[in-house]
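Residue 54 in full-length UniProt numbering sits at position 54 of the sequence shown, with consecutive numbering throughout.
To keep things clear, I will list the structure first and then write my remarks on it.
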Amino acid sequence: MNYLIGYKDAERNFGHEDPMLTEYTYGESGANTEKLLKVQKGDFLFFHKTIHNKRCITAYYLVEEVVLVKDIKQNLLIMNKYDNPHLKKEIQQLTPSECIAFGNPIQSKVLQVPLEITPELLSKLSRSANLNPNQTLLSAISSALRTWKELNPSDINLLLDLIEQNESKGRLTNRVLTAEEVFQILERDIEKFIISNPSILDANYTIEKSQHIFSDESRLDLLLRDTTNNEFIVVEIKKGPIDRNALNQIKHYIKLCKEELKLNTVKGILVGSGTSPSFEDDINKAKKDRIIVRNYGWGFTIN
C-alpha cells in the first residue's frame, strides 16, 4: 500500500515531530495504524504539509519495514539510533497497534524543492480528489487530503517524475520567494537558474557543461560559450561573497579547461552576493586575467 500523507510541523503540533525526515521514520498510534501496518517493503509514503498558503510534498520514503513499537523497544540498536517520538514512550503508554515505518536511507528523499500540490496534479491521480468550490484553494486541497490518499504504481511514477522535473529547476523561478525561502537558497539553485537562463549573464551565452569533473576530481560549476566569437567562460558560483578562495578556484578551472579540454580562449565569471572587502584589490587585479565578478541580489515585494 502506498499513501500520500499530510502532517504538521512540530511547532504547530505541540512539539510532536513526525515524520522525522532527518532519519526517515514515521509513526502512528491512532486510527491510521492499521493502514500503516499494511504497508510493505518497497511501498512508498509521500508526505505533504502547508508551506506559505500552499500544500506541498516535502519528502518521500521507500519503505524498508513497518514494525510495532512494542517489538522495537527490545532492540537496543534501533532504540539507540532513532529519535522518533513514538520510541520515547513507555510500554504502558503505547496503543496496541502503535507502529513505525522506516524508510530506506539510500532511496528515500527529503526534497530540496517542495512540490506544490495543485488541482491539475490531483486530477492526474488515479483516485480523484473532490475540491469544494466554496472553499479557498488551500482549504479545498487540505480538506480533500485530510485522510490518507492511496496511490497506485502509476501515481507513484507520476509524482517521482514531477519531483524530478521540479528539482531540476531549482528554487529560483519566476515566482516570488518568501524571506524564509531566500535563506534556504543553495549554490546549486543559482546554478540551475543560470542553466535555464544563461542570457542573464549575456544574451549570446549558451551552456556547454555543468558540474564537469576534472582529472584531479575538482568540479567545475558551469562552462558557457559565447556564440559571437566561440570564447568559453568558466562560471564559479558562491552563495556568499567572493573571496580569495573563489578567485583561486576559478583560476585553477581556467587552467584545467585549457589543459584538459583543449580550449584556447577561456575567461571567467565569479557569481556571488558581493566581494569580501579585504579581497577587492585581488579581484580588481584579476581583470587582467579576464576574470570578472557578477553580483546577485533579491527583490522586495509585499503581497
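Built from N, CA and C at the ideal position, the CB exists for glycine as well.
These numbers come from a predicted model, not from an experiment.
Kindly indicate which three-state DSSP category P85 falls into: helix, strand or coil?
-> helix
Cutoff 6 Å; reference N152; Cβ partners in own chain excluding five residues on either side = S126
For E28, which of L223, A140, F102 and K124 has the nearest alpha-carbon?
-> F102
Roughly how many angstroms separate the alpha carbons of Y296 and I254, rounded to a whole number?
-> 22 Å
Contacting residues, own chain, Cβ-Cβ under 8 Å from M79 (five flanking each side not counted) | I72, K73 and L87
Please name the residue, chosen from V235, H252 and P85, that lies closest to F214 on a Cα-to-Cα basis.
-> H252
Go ahead and label Q249 buried or exposed: buried means 16 or more other beta carbons lie within 10 angstroms of its beta carbon, across all protein chains shown.
-> buried
Helix, strand or coil at F102 according to DSSP, with G and I counted as helix | strand
Taking the alpha helix (DSSP H) that Y253 falls in, what are its first and last residues?
-> R244 to E260
Per DSSP, cross-strand counterpart(s) of G27 = I100
Between the CA atoms of Q107 and G274 - distance to the nearest angstrom | 37 Å
Use the C-beta contact count for I117: other C-beta atoms within 10 angstroms, 16 or more gives buried, fewer gives exposed.
-> buried
Beta-bridge pairing of I72 - partner residues as DSSP gives them | For I72, which the question treats as bridged, DSSP gives no partner whatsoever.
Round the Cβ separation of L111 and I163 to the nearest angstrom and send it over; I've been treating them as touching at under 8 Å.
-> 6 Å
Taking S128 as the reference, which of D189, W148 and V113 has the closest Cα?
-> W148
Quick one: Cα of residue 347 to Cα of C99, how far?
-> Look at the range of the chain in this structure, 1 to 303, and you will see that residue 347 is not part of it.
Throw me the rounded Cβ distance for the L115 and C56 pair, which I believe falls under 8 Å.
-> 6 Å
Considering only the beta carbon of each residue, do R290 and K267 sit closer than 8 Å?
-> yes
Hey, could you find the ends of the alpha helix (DSSP H) K169 is sitting in?
-> P153 to K169
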